Amino acid sequence: MAQRSTGMSNPLARVLARDTLTHLEQLIGGMTAGVILIDLAGTIIWANDAALAMHGVNKLEGLGGNADTYAQRFALRFRNGHRLANREYPVIRMLAGESFPDLVVEVSAAGSDERRWTHRVRDVVITGDDEEPDCLALVI
Numbered sequence: 003m004a005q006r007s008t009g010m011s012n013p014l015a016r017v018l019a020r021d022t023l024t025h026l027e028q029l030i031g032g033m034t035a036g037v038i039l040i041d042l043a044g045t046i047i048w049a050n051d052a053a054l055a056m057h058g059v060n061k062l063e064g065l066g067g068n069a070d071t072y073a074q075r076f077a078l079r080f081r082n083g084h085r086l087a088n089r090e091y092p093v094i095r096m097l098a099g100e101s102f103p104d105l106v107v108e109v110s111a112a113g114s115d116e117r118r119w120t121h122r123v124r125d126v127v128i129t130g131d132d133e134e135p136d137c138l139a140l141v142i
């Protein structure tokens with residue numbers, strides 16, 4: 003079986019990659035599930051409208067910009083009311099290489115119990131051609 007080249011030196015591959023990203027962004031953007039993309043350094047690089055709404059914010063910046071600031075802006079609790087330590091936050095666990103296929107947490111703005119959302123969260127590791135992680139995603 004012939005192997006096809008996926009190298010980015012091919013102009014067609016670059017166009018297809020750009021178009022594929024645009025199509026994926028459109029697809030994910032319209033989902034009712036929340037999706038937050040995080041780079042390997044912990045920067046929140048993208049979130050769809052559903053993920054923003056599930057946190058009560060209108061813009062990406064409202065999530066905090068990175069994993070540490072997210073943990074400062076949002077209080078997460080298990081369903082029994084136990085507050086998660088920062089190291090237990092899904093985004094922090096994912097950056098540490100842990101996997102959680104089905105985690106349920108209650109989310110509220112830090113310092114406020116006024117509004118709460120219940121999130122069922124799972125992690126997705128997005129890899130490149132070399133099978134190494136390129137990006138991480140929280141699916142809510």
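In this note's numbering, the protein residues as written are 3 to 142.
Glycine included, every Cβ here is placed at the ideal spot set by N, Cα and C.
Predicted model only: the values in this text are computed from it and were never measured.
(request) Buried or exposed for Pro-92, please, with buried defined as at least 16 other CB atoms from any protein chain shown within 10 angstroms of its CB. (result) Position 90 of the sequence shown, counted from the first residue, corresponds to residue 92. Around the CB of Pro-92, 16 or more other CB atoms lie within 10 Å, so the residue is classed as buried.
(request) Check the DSSP bridge columns for Phe-76 and list the partner residues they point to. (result) Position 74 of the sequence shown, counted from the first residue, corresponds to residue 76. BP columns for Phe-76 point to Ala-111.
(message) Nearest by alpha-carbon distance to Ile-142: which of Gly-130, Glu-133, Pro-135, Val-126 is it?
(response) The residue labelled residue 142 in the question sits at position 140 within the sequence shown. With distances taken between Cα atoms, Ile-142 lies closest to Val-126.
(message) Going by DSSP in three states, Glu-133 sits in which element: helix, strand or coil?
(response) For this step, residue 133 is matched to residue 131 along the sequence shown. Residue state, collapsed to three classes: coil.
(request) Could you please give the first and the last residue of the uninterrupted alpha helix (DSSP H) stretch that includes Ala-52? (result) Within the sequence shown, numbered from 1, the residue matching residue 52 stands at position 50. Secondary structure note for Ala-52: its alpha helix (DSSP H) is the uninterrupted segment 51 to 55.
(message) Taking the beta strand (DSSP E) that Leu-39 belongs to, which residues open and close that run?
(response) What you label residue 39 is simply residue 37 of the sequence shown in a count that begins at 1. Membership of Leu-39 in the beta strand (DSSP E) is indicated by the continuous run 37 to 40.
(message) Taking the straight line between their C-alpha atoms, what separation do you get for Glu-134 and Asp-41?
(response) Counted from its first residue, the sequence shown places residue 134 at position 132. Counted from its first residue, the sequence shown places residue 41 at position 39. Glu-134 and Asp-41: Cα-Cα distance of roughly 13 Å.
(request) Grab the span of the alpha helix (DSSP H) containing Val-93 for me, first residue to last. (result) Position 91 of the sequence shown, counted from the first residue, corresponds to residue 93. 92 to 97 is the span of the alpha helix (DSSP H), which, as asked, contains Val-93.
(message) Just verifying my parser: in three-state terms, what is the DSSP assignment at Ala-69?
(response) Working through the sequence shown from its first residue, we reach residue 69 at position 67. Assignment of Ala-69 by DSSP, reduced to helix, strand and coil, places it in the helix class.
(request) For Ile-38, count neighbouring Cβ atoms within 10 angstroms of its own Cβ and tell me buried if that reaches 16, exposed if not. (result) To locate residue 38, count along the sequence shown from 1; it is residue 36. Counting Cβ neighbours within 10 Å, Ile-38 comes out buried, since at least 16 surround it.
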